[in-house]
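Numbering (full-length UniProt numbering), first residue to last: 1 to 250.
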């Protein structure tokens, strides 16, 4: 059995320390770069959509039930099933590689929108009303209050939403390989096809390490840009965010 799984008998260690796997178009550095490219593009698009919408709902109070329903609905979408459906719908219009890249990005964006949206909304809503009233008393207009009071105070929870979204994206971006794209999911798909469990475990470990690295990186950035006083406020804000969340359905 060991010979079938790994003819060289070294499993993940042999795979990761084989120089041949670290060069070329299918090398590990290239796969990591592709994985990050998909992930960061999806995160940027999700943030562009979710942050302004979350701010609007948080400031105006309009659409609170909509945000809860939307977030829960997006969490309930089956990623692989949606990916296949989108490929069938989009790829005929884009015969090139883009016909497969777009569906992958759409799935990842839909996955990333809920945590950013709910955390942004919760962060804005949880800003101390006394601080907002004080700003109004000083003659601040609505936009000035938003930029100088509400956004800085809500920043810890917004960054927490971005951090959560990026972790989910990095973990799920492996599905791109399911439709013959690149990324670290390629190691999982190819390893399964070849009964090479060393390659499959290597892919899983690299995805986990990549997710942990960026989790710690964003945690470090949050500590650097957010004051400790504001960080403590996220406890109250997190309680607000939980009120619009339900368990994730995969």
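Glycine included, each C-beta is placed from N, C-alpha and C at the ideal position.
From a predicted model like this one, the values you see are computed outputs, not experimental measurements.
Please go through the segment 67 to 137 and give each complete alpha helix (DSSP H) segment of 4 or more residues, from N-terminal end onward. 79 to 90, 98 to 125 and 129 to 137
Per-residue DSSP class, three states only, for residue 202: helix
Residue 94 classed as buried or exposed, judged by whether at least 16 other C-beta atoms fall within 10 angstroms: exposed
If you draw a straight line from the C-alpha of residue 75 to the C-alpha of residue 195, how long is it? 32 Å
Could you tell me if residue 65 is buried or exposed, where buried requires 16 or more neighbouring beta carbons within 10 angstroms of its beta carbon? exposed
Beta carbon of residue 155, beta carbon of residue 43: below 8 Å? no
Do the segment 107 to 116 and the segment 167 to 186 touch if we need at least three Cβ pairs shorter than 8 Å? yes
Residues in its own chain within less than 7 Å of residue 16 by CB, not counting five upstream and five downstream? Excluding positions up to five away in sequence, the list reads 202.
Apply the 10 Å Cβ neighbour rule to residue 216 and answer buried if 16 or more other Cβ atoms are within range, or exposed otherwise. exposed
How about residue 162 and residue 150: are their beta carbons less than 8 Å apart? no
Cβ distance (whole Å) where residue 35 is taken to contact residue 184 below 8 Å: Sure, about 5 Å apart at Cβ, within 8 Å.
Should residue 67 and residue 118 be called a contact, given that it needs their Cβ atoms to be closer than 8 Å? yes
Using a Cβ-Cβ cut-off of 8 Å (strictly less than) and excluding sequence neighbours within five positions of residue 226, which residues of its own chain qualify? 155, 156 and 159
Short of 6 Å in beta carbon distance, which residues of its chain neighbour residue 102, apart from the five on each side in sequence? Order them along the chain. 90
Cutting at 7 Å between CB atoms, please list the residues of its own chain near residue 190, excluding the five before and the five after it. Within the same chain, and ignoring the five residues on either side of residue 190 in sequence, the residues whose Cβ sits closer than 7 Å to its Cβ are 199.
Which residues in the same chain have their Cβ closer than 7 Å to the Cβ of residue 121, if we skip the five residues on either side of it in sequence? 54, 57, 58 and 67
Between the alpha carbons of residue 12 and residue 25, how many angstroms are there, rounded? 20 Å
Straight-line CA distance for residue 99 to residue 130? 51 Å
How many angstroms separate the CA atom of residue 52 from the CA atom of residue 153? Rounded to the nearest angstrom, the gap between the Cα atoms of residue 52 and residue 153 is 16 Å.
Taking 8 Å as the cut-off, decide whether the C-beta atoms of residue 104 and residue 176 are in contact. yes
CA-CA distance, residue 142 and residue 173? 39 Å
What's the call for residue 164, buried or exposed, on a 16-neighbour Cβ count within 10 Å? buried
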